[in-house]
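A quick write-up on the structure given underneath.
This is the structure we're talking about:
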């Protein structure tokens, strides 16, 4: 394989690993089944597929084209488009970094459960064990002063692993890791799905996917849910695709690559859900709990419901359990690395700090913030961070990107960049989607997200959201105003 082909392979493999990691990661393992079930079952697949083309592939193409054309960090790219837009880039990167700080904690919980699963240490009441023995959870803010040692240690280990990978360049870091983890991750998930299909009552679960409620197609909320799921699963607006595309060599088939990555992610997501639904069908049969009570959203449920499943599996659980949580660990780590890549790239490029030093500083600061989530009040604060950053901040960032690249930048240049070497071409239809359709859809999602976030917030949540809002305003402007050490930063 030539160096050019190897570079293209590693960059696309790294991005695919990040996206598949997102699809099977701790957030999506419960989010997609819940969204699927709550929005018409099998009929949800129609708006989901439409959203994949209209939003997912369309927006990934924007980020691919921009990253490949400029081969620079998002901060430098937006400065080139218009110098006053640089704070928008640091706004996006701040969101991404803050999301990473709590996502690392969730991956840390999974690391704990890998150890617990060898003996099923959670006992007969996994719910109580998770809250009391793992998290030592409390709603009181006094819990901020009480560190949970096992969570803190696991968070530190995840940050350490991330640092060991991210400090290297793409080919030596996540490129090599992806070559090992992607096949292993796929094998583990395929094994679990196949096993789940053999469980008694599996058909109770997976039949939900293939039993459509056609009336749901006339419900606007179902379509908004489909758009929201695509945003979530493809990590849109986080500059991940933009960053990885900047590493692609000349001659890369951008449109072909973007479509393969998007379809791989969504296909993996649907395939994974067949396994999840089958396990839930087994739980319904064995526990007598109605199916609709088992399909609920929440990251913590992966550490409650699945241990309940493993409790009823017999000896097989001592193999399936560790493999399951190991699979989630691989997915989580690759997602963490993908999130950090753009942050480190932008800082290194502007301030001429070598990659290893940048990764070290970013990971140390990230770990210190993550310590908040390793306290007894951590899970409560984590929930507020997640709701605010995903429902409000991230959607707003995507809306800004649509406006910037659809209206401010010369959009036809992106079309030319995408079509240069690709077998599949884009044109006026894609331009119309980015300039008109997507902004309207994203604005609708954003308004819905803001209303949902505010309506469910209590006094403490509003205070935390206020602090996050200040950080998302102040930090981007500080980074944008700091003079670039790189003398070529402002030259193209």
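Residue numbers (my numbering): 430 to 921.
For each residue, glycine too, the CB sits at the ideal point set by N, CA and C.
Per-residue burial, residue i [other beta carbons within 10 Å of its own, 16 or more giving buried]
i, result
"residue 839", "exposed"
"residue 865", "exposed"
"residue 596", "buried"
"residue 826", "buried"
"residue 895", "exposed"
"residue 758", "buried"
"residue 654", "buried"
"residue 536", "buried"
"residue 559", "buried"
"residue 679", "exposed"
"residue 616", "exposed"
"residue 911", "exposed"
"residue 547", "exposed"
"residue 675", "buried"
"residue 845", "exposed"
"residue 796", "buried"
"residue 694", "buried"
"residue 745", "exposed"
"residue 405", "The chain is shown only over 430 to 921; residue 405 falls outside these bounds and no answer can be derived."
"residue 555", "buried"
"residue 640", "exposed"
DSSP beta-bridge partners of residue i
i, result
"residue 576", "804"
Top-ranked residue by Cα proximity to residue i, from the options
i, options, result
"residue 787", "592, 518 and 821", "592"
"residue 852", "684, 661 and 640", "684"
"residue 384", "577, 834, 815 and 761", "As shown, the chain starts at 430 and ends at 921. That puts residue 384 outside it, with no answer to give."
"residue 691", "747, 917, 907 and 484", "484"
"residue 809", "898, 888, 473 and 481", "888"
"residue 467", "646, 510 and 567", "646"
"residue 816", "900, 554, 714 and 885", "885"
"residue 801", "489, 570, 849 and 510", "570"
"residue 612", "795, 634 and 697", "697"
"residue 821", "879, 566, 861 and 776", "879"
"residue 634", "649, 675, 554 and 705", "705"
"residue 914", "508, 731 and 777", "777"
"residue 628", "714, 544 and 668", "714"
"residue 909", "528, 478 and 504", "504"
"residue 487", "665, 648 and 649", "665"
"residue 918", "780, 477, 644 and 556", "780"
"residue 899", "682, 689, 699 and 520", "520"
"residue 902", "564, 475, 515 and 554", "515"
"residue 670", "764, 511, 717 and 586", "764"
8 Å Cβ shell around residue i - same chain, five flanking residues per side excluded
i, result
"residue 702", "461, 462, 465 and 638"
"residue 755", "543 and 617"
"residue 783", "777"
Close beta carbons around residue i, own chain, < 7 Å, minus the five adjacent residues each side
i, result
"residue 631", "625, 707, 710 and 711"
"residue 753", "621 and 735"
"residue 804", "572, 573, 575, 576 and 577"
"residue 642", "469, 470 and 472"
"residue 772", "522, 525, 526 and 791"
"residue 829", "517"
"residue 539", "455, 754, 757, 758 and 761"
"residue 881", "820"
Own chain, CB closer than 6 Å to residue i, minus 5 neighbours either side, in chain order
i, result
"residue 799", "530, 533, 534 and 584"
"residue 904", "523"
"residue 774", "502 and 672"
"residue 687", "489, 490 and 493"
"residue 499", "506"
"residue 750", "546 and 739"
### Query
Considering only residues of the stretch 766-842, which uninterrupted alpha helix (DSSP H) runs meet the minimum length of 4 residues and lie entirely inside it, listed in chain order?
784-799, 807-817 and 824-832
### Query
Which residue spans inside the stretch 677-741 form an unbroken alpha helix (DSSP H) run of at least 4?
683-716, 720-723 and 734-741
### Contiguous beta strand (DSSP E) assignments of at least 3 residues, all confined to the stretch 487-572
none
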